[in-house]
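Engineer: From first to last, the protein sequence lines stand for chains A and B.
Going letter by letter, the first sequence gives residues 10 to 412 in our numbering.
Going letter by letter, the second sequence gives residues 202 to 550 in our numbering.
The beta-carbon is built from N, C-alpha and C at its ideal position, and this holds for glycine as well.
Values in this document were obtained by computation on a predicted structure and should not be read as measured data.
This structure is in structure tokens; I'll ask about it shortly.
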Amino acid sequence: MAASEPSVPLVETVHLRMWFPLPRSLREQLRHRPRRSIHAVDDVSLTIRRGETLALIGESGSGKTTFGWVVARLHDPTGGTLRFDGEDVTRLSGESLRLWRRRVQIVFQDPVGSLDPRLKVWQIVGEPLRAQFGERPPLVGPAGRRFVRRVVRSRSVLRPLGELWRAAVAYMRERPPAPPGAHAATVREAVRRLLPEVGLPADCLDQYPHEFSGGGRQRLSLARALIVNPSLVVLDEPTSALDVSVQAQVLNRLVELQRERGLTYLLITHNVAVVRYIADRVAVLYLGQLIELGPAAEVLAHPIHPYTKALLAAVPVPDVKRRHTRYRIRGDVPSLIDPAPGCRFAPRCPFVEARCRASDPPLEAVRGSDERRVACWRAAEIGSVAPSELLEMVREPARASAP
Amino acid sequence: MGTRPAAESPRPVVPPTSRPSPWRRAGRGARTVYRVLRTNPLSLAGFILVVLLAVAAVVIYVDPGVLPYPALAIFTGPPKSAPTWGHPFGTDELGRDIFSNVLAALPVDLAIGVTISGAALLIGGSLGLLAGYYNRPRSAGAVASTVILRLTDLFLSFPSLILALAFTVALGRGVVQVVVAVLITWWPYYVRLVRGEVLAVKNQPYIYAARAAGVREGRIVLRHVLRNVLEPLVVYFTLDIGTVIVTFSTVAFVTGALPYPTAPPVEWGSMIATYYDVAASLPWTVVFPGLAILVTVLSFSLLGDGLRDLLDPRSRRVIAQTGASVPPPTAGPARDDRPVAPPATGAPP
Numbered sequence: 010m011a012a013s014e015p016s017v018p019l020v021e022t023v024h025l026r027m028w029f030p031l032p033r034s035l036r037e038q039l040r041h042r043p044r045r046s047i048h049a050v051d052d053v054s055l056t057i058r059r060g061e062t063l064a065l066i067g068e069s070g071s072g073k074t075t076f077g078w079v080v081a082r083l084h085d086p087t088g089g090t091l092r093f094d095g096e097d098v099t100r101l102s103g104e105s106l107r108l109w110r111r112r113v114q115i116v117f118q119d120p121v122g123s124l125d126p127r128l129k130v131w132q133i134v135g136e137p138l139r140a141q142f143g144e145r146p147p148l149v150g151p152a153g154r155r156f157v158r159r160v161v162r163s164r165s166v167l168r169p170l171g172e173l174w175r176a177a178v179a180y181m182r183e184r185p186p187a188p189p190g191a192h193a194a195t196v197r198e199a200v201r202r203l204l205p206e207v208g209l210p211a212d213c214l215d216q217y218p219h220e221f222s223g224g225g226r227q228r229l230s231l232a233r234a235l236i237v238n239p240s241l242v243v244l245d246e247p248t249s250a251l252d253v254s255v256q257a258q259v260l261n262r263l264v265e266l267q268r269e270r271g272l273t274y275l276l277i278t279h280n281v282a283v284v285r286y287i288a289d290r291v292a293v294l295y296l297g298q299l300i301e302l303g304p305a306a307e308v309l310a311h312p313i314h315p316y317t318k319a320l321l322a323a324v325p326v327p328d329v330k331r332r333h334t335r336y337r338i339r340g341d342v343p344s345l346i347d348p349a350p351g352c353r354f355a356p357r358c359p360f361v362e363a364r365c366r367a368s369d370p371p372l373e374a375v376r377g378s379d380e381r382r383v384a385c386w387r388a389a390e391i392g393s394v395a396p397s398e399l400l401e402m403v404r405e406p407a408r409a410s411a412p
Numbered sequence: 202m203g204t205r206p207a208a209e210s211p212r213p214v215v216p217p218t219s220r221p222s223p224w225r226r227a228g229r230g231a232r233t234v235y236r237v238l239r240t241n242p243l244s245l246a247g248f249i250l251v252v253l254l255a256v257a258a259v260v261i262y263v264d265p266g267v268l269p270y271p272a273l274a275i276f277t278g279p280p281k282s283a284p285t286w287g288h289p290f291g292t293d294e295l296g297r298d299i300f301s302n303v304l305a306a307l308p309v310d311l312a313i314g315v316t317i318s319g320a321a322l323l324i325g326g327s328l329g330l331l332a333g334y335y336n337r338p339r340s341a342g343a344v345a346s347t348v349i350l351r352l353t354d355l356f357l358s359f360p361s362l363i364l365a366l367a368f369t370v371a372l373g374r375g376v377v378q379v380v381v382a383v384l385i386t387w388w389p390y391y392v393r394l395v396r397g398e399v400l401a402v403k404n405q406p407y408i409y410a411a412r413a414a415g416v417r418e419g420r421i422v423l424r425h426v427l428r429n430v431l432e433p434l435v436v437y438f439t440l441d442i443g444t445v446i447v448t449f450s451t452v453a454f455v456t457g458a459l460p461y462p463t464a465p466p467v468e469w470g471s472m473i474a475t476y477y478d479v480a481a482s483l484p485w486t487v488v489f490p491g492l493a494i495l496v497t498v499l500s501f502s503l504l505g506d507g508l509r510d511l512l513d514p515r516s517r518r519v520i521a522q523t524g525a526s527v528p529p530p531t532a533g534p535a536r537d538d539r540p541v542a543p544p545a546t547g548a549p550p
């Protein structure tokens, strides 16, 4: 296996595609109209290297979360290939998928909803441990085969009920012993040892999630992701539901954990400040397509794609003179349903040309940097335009200038 | 690496952790139940009444000798007697003691209520779970759930009481026949209830979290879906026992499927049906069986309301600690799984 070979990227997606088919109305079905779909992730090819933090940014509806979910195989991709550690895991299913999940864990955006309100802390955090290392193999081994054979041989269920019962008793006696992870004491001990690492007291094992603050719940979520010792952690907007001060604490904790455990992060966020703080590389998504990729510092300092520029220009800056500015990108995000050909950003782009509407720009390397890729026909011409030039001074109406 | 929770090879068994003994925990649990129920005197009353009724029913079932007079025995005292000390609920025209008969009916009616609601809960609940959880488009589960739901609609499109009466007439006389008839009209409500709750729960982020953790689907259903659906289900079940008793009595009353003085199982509805003709002259013969139904239904209703508070860990903890009554929690966790993203603020240190 190619595992742990440093040259092989941890995750590699090749033309990864996640389309959600829309239901057709009866009328459309009768007229044999093709099924339309939402192109949430469309042809995204990128790699995540071992030990790095790759940030995925974009506005709402750009497919960031869907991409993260596909990488964690919570969605089955419609097309393309997903490689993990050099292995193709696109079509992994059943028990092998279930066991693969210990290598990729995900921290969900909603710290309230992603914790089952009826379970205690040790049950929530220990759940992956139990699922991965505490499950008996189902009806396998000689005992299981004998049980199935006896049941099948008895044909009917009602008449030889006694036979079924005896087979079940024999199976219970012969089946493999429960693995250590199945014992509550083991799980509790593991959770107790992990909780301080994410900054929670070790004695809250028997509390319920509603007794924690937002930051505490996000830490629980993080502990749940870390307990099976994954290689990749998908962080789906880990801090967007938290106060600014708590955000900083959680981010610092994330950085320390990454250093201690050699984790790889796929960080999904819309918060440029968070990207600047912890990301090594950044990938910008717009309408399901990857439009810019490169080292975080470079991309944030010199964005090339007009959309990246606009995104950065929208970040509020504590500057009195810029209070009445707004950026030039107008309009709403176009629909993701069967998008038209051509650059997805063309309808909103201030630098749009005829060829932008005609065909998709390929993701190409940027001259002068071997790390950066950008998908824009005019990258060479507009690359040096600063994001601030997208801003124009606008006299706001009096009511809008109120704080 | 050293102090890491052993993921690759969890250590066999760690010395017993700080879990209190089962007895201690049971005691604490009982105290929590009492504390929560105490904050709402009505549900405490319902709880006590249900316990009393259940104990009385068991005693009467085990030893019918505790009744003042045997059930259905005639000429136990003067006929047509109004309530007296010897016959607290009076007697009918043949001198049967109404008090003894009302008591003798208690285990029958309770058993009928629990049996019908319980069977409806099991049948309807499992069908509802199936229809709610396994409905991915174009799968075998979707076909099954469509069949289940259309069948449910079919039954729900009839007024349930009329349907129960029709089935009783078709099936003939006897307790089992009436139970089956009521049950046939009863399970579809549980399908609807459970399916609705499952649909709300199955897209909660914690279900996806469990899936991402590698929990098997069957276990997700039992551990997360069922557990979160259970609370409204148990509450509904408790309230339902009373409704079932009323419906059963109504069916028995209207159809006369259980001719009271001749057929052994005494039941409140059929008692009222029998004495209906003499209700004007001997009102106590119908008033007391009716009151028995009222009290039973009321105690289950009160208990059901109390259970709602008790089963929710959020309100349970608050009440048990403060002893104060809290406003009922909003039903279930928030349904919106994607809060509106705040604008990019947050300057990190």
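If you draw a straight line from the alpha carbon of Leu-55 (chain A) to that of His-41 (chain A), how long is it in whole angstroms?
Structural biologist: 36 angstroms
Engineer: Hey, quick one: how far does the alpha helix (DSSP H) through Phe-489 (chain B) stretch, first residue to last?
Structural biologist: 485–512
Engineer: At the level of alpha carbons, what is the spacing between Arg-229 (chain B) and Ser-254 (chain A)?
Structural biologist: One C-alpha to the other measures close to 38 angstroms.
Engineer: Can the beta-carbon of Pro-247 (chain A) be found less than 7 angstroms from the beta-carbon of His-48 (chain A)?
Structural biologist: No; because the gap between Cβ atoms is not below 7 angstroms, this pair is not in contact.
Engineer: By how many angstroms is the C-alpha of Ser-368 (chain A) removed from the C-alpha of Arg-197 (chain A)?
Structural biologist: 57 angstroms
Engineer: Taking the alpha-carbon positions, what's the Ser-244 (chain B) to Phe-501 (chain B) distance?
Structural biologist: Near 9 angstroms, if we compare the C-alpha coordinates of Phe-501 (chain B) and Ser-244 (chain B).
Engineer: Using only alpha-carbon positions, find the residue among A:Pro-371, A:Val-281 and A:Ala-310 that is nearest to Ala-395 (chain A).
Structural biologist: The candidate whose alpha carbon is nearest that of Ala-395 (chain A) is A:Ala-310.
Engineer: Using C-beta distances below 6 angstroms, list every residue in its chain close to Leu-459 (chain B), excluding the 5 sequence neighbours before and after it, in chain order.
Structural biologist: Ala-453, Glu-468 and Ser-471
Engineer: Could you give the residue range of the alpha helix (DSSP H) that holds Val-134 (chain A)?
Structural biologist: 130–142
Engineer: When you compare only the Cα positions, how much space is there between Pro-231 (chain A) and Thr-316 (chain B)?
Structural biologist: Note that residue 231 (chain A) is Leu in the sequence shown, not Pro. Cα to Cα, Leu-231 (chain A) sits roughly 46 angstroms from Thr-316 (chain B).
Engineer: Any beta carbon from chain B within less than 7 angstroms of Glu-136 (chain A)'s own beta carbon?
Structural biologist: For Glu-136 (chain A), the nearest CB of chain B lies under 7 angstroms from its own CB, placing it at the interface with that chain.
Engineer: Does the structure place the region 62–72 of chain A close enough to the region 277–291 of chain A that three or more beta carbon pairs sit under 8 angstroms?
Structural biologist: Enough Cβ pairs lie closer than 8 angstroms, so yes.
Engineer: For Val-50 (chain A), tell me which candidate among A:Ile-115, A:Pro-356 and A:Gly-88 has the shortest Cα-Cα distance.
Structural biologist: A:Gly-88
Engineer: Could you pull out every residue in the same chain whose Cβ sits closer than 7 angstroms to the Cβ of Arg-26 (chain A), ignoring the five residues on either side in sequence?
Structural biologist: Val-50, Asp-51, Asp-52, Pro-86, Thr-87, Gly-88 and Gly-89
Engineer: Taking DSSP as the reference, what is the three-state secondary structure of Met-402 (chain A)?
Structural biologist: Residue placement at Met-402 (chain A) cannot be trusted, given a pLDDT of 42 that sits under 50; the coordinates are not used to answer.
Engineer: Looking at chain A, which residues of the region 267–300 of chain B have a Cβ within less than 9 angstroms of any of its Cβ atoms?
Structural biologist: Taking 9 angstroms as the upper bound on Cβ-Cβ separation, chain A lies near no residue of the region 267–300 of chain B.
Engineer: Got a sec: is the Cβ-Cβ distance from Gly-122 (chain A) to anything in chain B below 7 angstroms?
Structural biologist: yes
Engineer: Beta-carbon separation of Gly-278 (chain B) and His-288 (chain B) under 7 angstroms?
Structural biologist: yes
Engineer: Skipping 5 residues on each side, what residues in its chain have a beta carbon closer than 8 angstroms to that of Asn-241 (chain B)?
Structural biologist: Asp-506, Gly-507, Asp-510 and Ser-526
Engineer: If contacts are defined as beta-carbon pairs under 8 angstroms, then Gly-419 (chain B) and Arg-111 (chain A) qualify, I think. What distance do you get, rounded to the angstrom?
Structural biologist: Gly-419 (chain B) to Arg-111 (chain A), Cβ: 19 angstroms. No contact.
Engineer: Alpha carbon to alpha carbon, what distance is there between Ala-382 (chain B) and Phe-368 (chain B)?
Structural biologist: 5 angstroms
Engineer: Any chance the CB of Ile-408 (chain B) is under 6 angstroms from a heavy atom of the ligand ATP?
Structural biologist: By its list of ligands, the structure shown contains no ligand whatsoever, and the ligand ATP lies outside what it can speak to.
Engineer: Counting Cβ pairs closer than 8 angstroms, one from the region 70–85 of chain A and one from the region 213–229 of chain A, do we hit at least three?
Structural biologist: no
Engineer: Are the C-beta atoms of Gly-230 (chain B) and some chain A residue less than 7 angstroms apart?
Structural biologist: Gly-230 (chain B) does not count as touching chain A.
Engineer: In the DSSP assignment, what are the bridge partners of Met-27 (chain A)?
Structural biologist: Paired residue(s): A:Val-50.
Engineer: For Asp-97 (chain A), list the residues DSSP reports as bridge partners.
Structural biologist: A:Arg-92
Engineer: Expressed to the nearest angstrom, what Euclidean distance is found between the alpha-carbon atoms of Asn-280 (chain A) and Leu-499 (chain B)?
Structural biologist: 56 angstroms
Engineer: Run through chain A and tell me which residues come within less than 7 angstroms of Ala-411 (chain B), C-beta to C-beta.
Structural biologist: Chain-ordered, the chain A residues with CB closer than 7 angstroms to the CB of Ala-411 (chain B) read Glu-136.
Engineer: Since Arg-290 (chain A) is in the alpha helix (DSSP H), which residue starts that stretch and which ends it?
Structural biologist: Per DSSP, Arg-290 (chain A) lies in no alpha helix (DSSP H) segment; the continuous beta strand (DSSP E) that holds it begins and ends at 290–295.
Engineer: At what residues does the beta strand (DSSP E) containing Arg-393 (chain B) begin and finish?
Structural biologist: Looking at the DSSP string, Arg-393 (chain B) is not in any beta strand (DSSP E); the run it does join, the alpha helix (DSSP H), is 376–403.
Engineer: Leu-320 (chain A) to Gly-122 (chain A), Cα distance in whole Å?
Structural biologist: When rounded, the distance between both Cα atoms is 29 angstroms.
Engineer: What runs of the alpha helix (DSSP H), each 4 residues or longer, lie entirely inside the region 249–315 of chain A?
Structural biologist: 253–270, 281–287 and 305–310
Engineer: Where DSSP assigns a beta bridge to Ser-378 (chain A), which residues make up the other side?
Structural biologist: A:Val-375
Engineer: For the alpha helix (DSSP H) that contains Thr-62 (chain A), what are its first and last residues?
Structural biologist: Where Thr-62 (chain A) is concerned, there is no enclosing alpha helix (DSSP H), although the beta strand (DSSP E) around it starts and stops at 62–66.
Engineer: Which full runs of the alpha helix (DSSP H) of 4+ residues lie inside the region 299–367 of chain B, going along the chain?
Structural biologist: Qualifying alpha helix (DSSP H) stretches, in chain order: 299–334 and 341–357.
Engineer: In the DSSP assignment, find the unbroken beta strand (DSSP E) run with Asp-441 (chain B) in it and report its ends.
Structural biologist: Counting along the chain, Asp-441 (chain B) falls outside any beta strand (DSSP E), though it belongs to the alpha helix (DSSP H) covering 428–456.
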